[in-house]
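Below you'll find the structure, written out as structure tokens, and then a few comments.
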Amino acid sequence: MGCDIHGYVEVRSWFDDTSEPEEEDSDLRWHPALPLPFLYNGRSYEAFGCLFGVRGRTFEPLAPERGFPPDASRAAARAWEEEKADSHSPSWITWAELEAADWNEREAPSRLPRDPLTRREAVRDADWGDVWTLMRILARRHGADHVRLVVWFDN
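The sequence shown begins at 330 in this note's numbering and counts up one residue at a time.
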């Protein structure tokens, strides 16, 4: 059975979301920017492993199984609650962390029957480019630490 990724791109801001009930605490909080399937609808175990340590395990993952963030946007939290019984390995990563990653790092060659890939080759821009573009645009406006990708997986 295959493994698929689910999640949201989120942005942390002071934005007053009138589509949601008001909160007592109107501080800076996470808001959904876009559900991940609007930007990425593929299945790449090399990318899943490189980013989150799920399935492909030839890279040291950038954000392995950090758990579902307790401060997630309401939309992401609702989706996670609906799907978590059949899901696993929730995690998240900020744009700042993605920018800081060494995308030219090669996977560990000791377990490979082929030439080692770089992170950039494992997380192909042809597949993930739209996700990165949205996150980059949001980061220019809100800051790299205020943009993140929240994910979970199913089998």
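Backbone N, C-alpha and C define an ideal beta-carbon position, used for all residues, glycine too. Since we're looking at a predicted model, the values are computed, not measured.
Asked, Found
"Of the listed residues 468, 467, 433, 477, nearest to residue 379 (C-alpha basis)", "433"
"For residue 432, the first and last residue of its enclosing alpha helix (DSSP H)", "Note, residue 432: premise wrong, no alpha helix (DSSP H); not H, not E."
"Outcome for residue 388 when other beta-carbon atoms lying within 10 angstroms are tallied against a minimum of 16", "buried"
"DSSP state of residue 401 mapped onto helix, strand, coil", "coil"
"Selected residue, minimal CA-CA separation from residue 446, among 365, 386, 400, 366", "386"
"Cβ-based neighbour list, residue 361, same chain, cut-off 7 Å, excluding 5 preceding and 5 following", "337, 339, 402, 404, 405"
"Rounded C-alpha distance that separates residue 395 from residue 436", "21 Å"
"Candidates 444, 476, 392, of which the one nearest residue 424 by Cα", "476"
"The region 447-466 / the region 365-375 touching (three or more Cβ pairs under 8 Å)", "yes"
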